[in-house]
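A.B. asks:
Protein chains: 2
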Amino acid sequence: MSGCLSIVGLGPFASELITPLAAETLAATTDLVGYAPYLARVPERAGQRRHASDNREELARARQALELAASGKSVAVVSSGDPGVFAMASAVFEAMETGKPTFKDIEVTVVPGVSAMLAAAARAGAPLGHDFCAISLSDNLKPWDVVLKRLEAAAAADFVIVLYNPASKARPWQLGEAFRVIARHRAPSTPVIFAHAVSQSDERIEIMTLAEADPAKADMRTLIILGSSATRILSRDGRSAFVYTPRHAELVEP
Amino acid sequence: MSGCLSIVGLGPFASELITPLAAETLAATTDLVGYAPYLARVPERAGQRRHASDNREELARARQALELAASGKSVAVVSSGDPGVFAMASAVFEAMETGKPTFKDIEVTVVPGVSAMLAAAARAGAPLGHDFCAISLSDNLKPWDVVLKRLEAAAAADFVIVLYNPASKARPWQLGEAFRVIARHRAPSTPVIFAHAVSQSDERIEIMTLAEADPAKADMRTLIILGSSATRILSRDGRSAFVYTPRHAELVEP
Chain E
87 MSGCLSIVGL
97 GPFASELITP
107 LAAETLAATT
117 DLVGYAPYLA
127 RVPERAGQRR
137 HASDNREELA
147 RARQALELAA
157 SGKSVAVVSS
167 GDPGVFAMAS
177 AVFEAMETGK
187 PTFKDIEVTV
197 VPGVSAMLAA
207 AARAGAPLGH
217 DFCAISLSDN
227 LKPWDVVLKR
237 LEAAAAADFV
247 IVLYNPASKA
257 RPWQLGEAFR
267 VIARHRAPST
277 PVIFAHAVSQ
287 SDERIEIMTL
297 AEADPAKADM
307 RTLIILGSSA
317 TRILSRDGRS
327 AFVYTPRHAE
337 LVEP
Chain D
87 MSGCLSIVGL
97 GPFASELITP
107 LAAETLAATT
117 DLVGYAPYLA
127 RVPERAGQRR
137 HASDNREELA
147 RARQALELAA
157 SGKSVAVVSS
167 GDPGVFAMAS
177 AVFEAMETGK
187 PTFKDIEVTV
197 VPGVSAMLAA
207 AARAGAPLGH
217 DFCAISLSDN
227 LKPWDVVLKR
237 LEAAAAADFV
247 IVLYNPASKA
257 RPWQLGEAFR
267 VIARHRAPST
277 PVIFAHAVSQ
287 SDERIEIMTL
297 AEADPAKADM
307 RTLIILGSSA
317 TRILSRDGRS
327 AFVYTPRHAE
337 LVEP
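Right, dumping it as structure tokens:
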């Protein structure tokens, strides 16, 4: 007999941004599966089992969750932010399609959450107010040429661009190259946001221009948002600036 | 003396998807400003004033909210979904920049929410599991040529594509033209999701191929998600299908 599996978005770090549906779903499960630091954000409950794993093992973690559900457990896989954006939901469906035939009988639900991108944008103002793209700079799972092609297209067509996974110790040069590709299409005055550790105690939101942006300042906990040609920095005396992209747009010739 | 202004995302329709921060912020304000159907979703509180307006008047509504805050009120502007994605936050910052100098002294906070895009994706599976774009098909505020250029770029670079505002009575042909542009770059078997009235009582999630997609089925309450070349439909016997985009990608030559 089959149990059920929920893939739950915890939102960014702060508990005030987790939805009631996510909280209720987590409370009702017998087994929690996820990357250890995300599991640590879920309140402890008597009788609930926790299966913590390392960050890199997404597909193995997805299979483990499906095995538990197939054996009759009520399982939640936890993700930070939204589970559907560069996160666990995709891995679970891949494991379902490529794994045991019984996996397809499991009742699966995705519980959305406030994504890192939306939380970062809110802290900076409204940079995603008009057409935008989200691109992961990680080349662990795709050729760098695919990343380059997408950056080029997004920059040329004047999208606001959100960069997930901009840098890590193993990927130190990718963000600098991304900035160079984008700078061929965008003015040096284009607003850039470095959003570090959003909604955590060491949160830092830095607003600057593309000319000032230093790729070395990004790490695994940073999200980058680059404005379109219409995006504006709204400065205020003695207060932090805002970045916003107007709802209207004009045709920009390259 | 200045009051304060919060721009609050209610999430999609269901109250189980509103964050605790949004609920607390709404409860603590003296004045609520917004499009009437969104205001109707906020629980009534004694002593709180409501300022409902029509859908088209975003900038006027933003100015009204700033005027109330400038007069010392504690104001919340409500948006469905996330207030930063094709919604009110951008209008408020524009009104702040172009309006009275005192508007810039107002304490403004954006409270993010689960966007329509994330909620629709969760109901269908994990279509946003990899690089994606969000494009508004409305040409009320931008030339149609800008829309075409962005559709062309997003399709050629193999992004998953989310279409906001796909159709209305005044804009009946835009979605058909968008599908034709995308079909020049994407196979007829590309998965397409029509997400109608997500999390409402008449919610309808339809999964089909690009060849089958009928633009006439979309209206103002529909969100469209088109897969990349890697996006898959996971069919299941006797159960609804899922759509997911794997976390890995390969270079696709046009």
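Residue numbers (our numbering), protein chains in the order written: chain E, 87 to 340; chain D, 87 to 340. Even for Gly, the Cβ is constructed at its ideal location relative to N, Cα and C. The structure displayed is predicted, hence computed values, not measured ones.
For chain D, find out if any of its Cβ atoms is closer than 9 Å to the Cβ of E:Gly313; answer yes or no.
C.D. replies: By 1-based counting over the first sequence, the position of residue 313 of chain E is 227. It does not: the Cβ of E:Gly313 has no partner Cβ on chain D nearer than 9 Å.
A.B. asks: Using a Cβ-Cβ distance cut-off of 9 Å, determine whether E:Arg136 contacts chain D.
C.D. replies: Against the first sequence, residue 136 of chain E aligns to sequence position 50. For E:Arg136, the answer is no, since every Cβ of chain D falls outside 9 Å of its Cβ.
A.B. asks: Tell me the residue span of the beta strand (DSSP E) that contains E:Asp305.
C.D. replies: Counting from one through the first sequence, the residue named residue 305 of chain E turns up at place 219. That residue, E:Asp305, is in no beta strand (DSSP E); it is neither H nor E in DSSP.
A.B. asks: Taking C-beta to C-beta, are E:Gly324 and E:Ile192 nearer than 9 Å?
C.D. replies: Start at 1 with the first residue of the first sequence, and residue 324 of chain E comes out as number 238. Start at 1 with the first residue of the first sequence, and residue 192 of chain E comes out as number 106. For E:Gly324 and E:Ile192, no; Cβs fall outside 9 Å.
A.B. asks: In angstroms, rounded to a whole number, what distance separates the CA positions of D:Val329 and E:Lys228?
C.D. replies: As a working mapping, residue 329 of chain D is identified with position 243 in the second sequence. As a working mapping, residue 228 of chain E is identified with position 142 in the first sequence. So the alpha carbons of these two residues sit roughly 20 Å apart.
A.B. asks: Tell me whether the beta-carbon of E:Glu263 lies closer than 9 Å to the beta-carbon of E:Val278.
C.D. replies: Position 177 of the first sequence, counted from the start, is the residue given in the question as residue 263 of chain E. Position 192 of the first sequence, counted from the start, is the residue given in the question as residue 278 of chain E. Result no, Cβ atoms of E:Glu263 and E:Val278 do not sit closer than 9 Å.
A.B. asks: For E:Thr188, does the count of other Cβ atoms within 10 angstroms reach 16, so buried, or fall short, so exposed?
C.D. replies: In the first sequence, the residue the question calls residue 188 of chain E occupies position 102. E:Thr188 should be labelled exposed.
A.B. asks: Within the 9 Å Cβ cut-off, does D:Lys228 reach chain E?
C.D. replies: Translated into the one-based positions of the second sequence, residue 228 of chain D becomes position 142. Chain E contact via Cβ: present.
A.B. asks: If the cut is a Cβ gap below 8 Å, which residues of chain E does D:Leu103 touch?
C.D. replies: Reading the second sequence from its first residue, position 17 is the one you call residue 103 of chain D. Correct list: Thr105, Pro106, Leu107 and Pro198.
A.B. asks: Which residue marks the beginning of the alpha helix (DSSP H) containing E:Ser160, and which one marks its end?
C.D. replies: Here residue 160 of chain E refers to the residue found at position 74 of the first sequence. Where E:Ser160 is concerned, there is no enclosing alpha helix (DSSP H), although the beta strand (DSSP E) it sits in stretches over Ser160 to Ser165.
A.B. asks: Using 9 Å as the limit for Cβ to Cβ distance, is D:Gly262 near chain E?
C.D. replies: In the second sequence, the residue the question calls residue 262 of chain D occupies position 176. Not an interface residue.
A.B. asks: Note down, in chain order, every chain D residue with its Cβ under 7 Å from the Cβ of E:Asp168.
C.D. replies: The sequence position of residue 168 of chain E within the first sequence is 82, counting from 1. The answer, in chain order, is Leu204.
A.B. asks: Please report the Cβ distance between D:Leu237 and D:Thr276, rounded to the nearest whole angstrom; I am assuming they are in contact, meaning their Cβ atoms lie under 8 Å.
C.D. replies: Along the second sequence, one-based indexing puts residue 237 of chain D at 151. Along the second sequence, one-based indexing puts residue 276 of chain D at 190. Rounded, the Cβ-Cβ distance is 14 Å, inconsistent with contact.
A.B. asks: Decide if the segment 277-292 of chain E is in contact with the segment 97-108 of chain E; the criterion is three or more beta carbon pairs, one per stretch, under 8 Å apart.
C.D. replies: Contact holds: three or more Cβ-Cβ distances are below 8 Å.
A.B. asks: Whose Cβ in chain D lies nearer than 7 Å to the Cβ of E:Lys235?
C.D. replies: Residue 235 of chain E sits at position 149 when you count from the first residue of the first sequence. Within chain D, the residues near E:Lys235 are Ala243.
A.B. asks: Using a C-beta cutoff of 9 Å, does E:Cys90 count as contacting chain D?
C.D. replies: Translated into the one-based positions of the first sequence, residue 90 of chain E becomes position 4. Taking Cβ atoms only, chain D never reaches closer than 9 Å to E:Cys90, which makes this a no.
A.B. asks: Would you mind telling me which residues of chain D sit closer than 7 Å to E:Lys190, beta carbon to beta carbon, in chain order?
C.D. replies: Position 104 of the first sequence, counting from 1, holds the residue named residue 190 of chain E. Correct list: Arg322.
A.B. asks: Identify which residue in E:Arg272, E:Thr111, E:Leu96 and E:Arg142 has its Cα closest to the Cα of E:Tyr82.
C.D. replies: The structure shown does not extend to residue 82 of chain E, since chain E is modelled only from 87 through 340, so no value can be given for it.
A.B. asks: Starting from the C-beta of E:Gln260, find all residues in its chain whose C-beta is less than 6 Å away, skip the five residues before and the five after it, and write them out in chain order.
C.D. replies: Sequence index remark: in the first sequence, residue 260 of chain E carries index 174 (1-based). Answer for E:Gln260: Leu223, listed in chain order.
A.B. asks: Report yes or no: is there a C-beta of chain D within less than 9 Å of the C-beta of E:Arg149?
C.D. replies: Walking along the first sequence from the start, residue 149 of chain E turns up at place 63. Not an interface residue.
A.B. asks: Should D:Ser176 and D:Gly170 be called a contact, given that it needs their Cβ atoms to be closer than 9 Å?
C.D. replies: On the second sequence, residue 176 of chain D is found 90 positions in, with the first residue counted as 1. On the second sequence, residue 170 of chain D is found 84 positions in, with the first residue counted as 1. The answer is yes: Cβ separation under 9 Å.
A.B. asks: For the alpha helix (DSSP H) containing D:Ile279, list its first residue and its last residue.
C.D. replies: Locating residue 279 of chain D in the second sequence gives position 193, counting from the first residue. Where D:Ile279 is concerned, there is no enclosing alpha helix (DSSP H), although the beta strand (DSSP E) it sits in stretches over Pro277 to His282.
A.B. asks: Within 10 Å of its beta-carbon, does E:Glu130 have 16 or more other beta-carbons around it, so buried, or fewer, so exposed?
C.D. replies: Numbered from its first residue, the first sequence carries residue 130 of chain E at position 44. The residue in question, E:Glu130, is exposed, as its Cβ has fewer than 16 Cβ neighbours within 10 Å.
A.B. asks: Could you tell me if the beta carbon of D:Lys255 falls within a distance shorter than 8 Å of some heavy atom in the ligand MG?
C.D. replies: Ligands displayed in this structure: none; no statement on the ligand MG is therefore possible.
A.B. asks: What residues match up with D:Tyr121 in a beta bridge as DSSP calls it?
C.D. replies: Position 35 of the second sequence holds residue 121 of chain D. BP columns for D:Tyr121 point to D:Ser139.
A.B. asks: Relative to the C-alpha of E:Thr195, which candidate in D:Ala151, D:Val267, D:Phe218 and D:Ser326 has its C-alpha closest?
C.D. replies: Within the first sequence, residue 195 of chain E is the residue found at index 109, counting from 1. If we check each option's Cα against that of E:Thr195, D:Ser326 comes out closest.
A.B. asks: What residues in its chain sit with their C-beta under 7 Å from that of D:Met294, if we drop five residues either side in the sequence?
C.D. replies: Start at 1 with the first residue of the second sequence, and residue 294 of chain D comes out as number 208. Around D:Met294: Val278.
A.B. asks: Who are the near neighbours of D:Ala212 in its chain, counting only those whose CB is closer than 6 Å to its CB and skipping five residues on each side?
C.D. replies: For the purposes of this step, residue 212 of chain D is taken as residue 126 along the second sequence, with counting starting at 1. Once the five neighbours on either side are set aside, the close Cβ partners of D:Ala212 are Tyr330.
A.B. asks: Would you kindly work out how many angstroms separate the C-alpha atoms of D:Ala304 and D:Pro252, rounded to a whole number?
C.D. replies: Taking the second sequence and counting its residues from 1, one reaches residue 304 of chain D at position 218. Taking the second sequence and counting its residues from 1, one reaches residue 252 of chain D at position 166. Cα to Cα, the separation comes out at about 7 Å.
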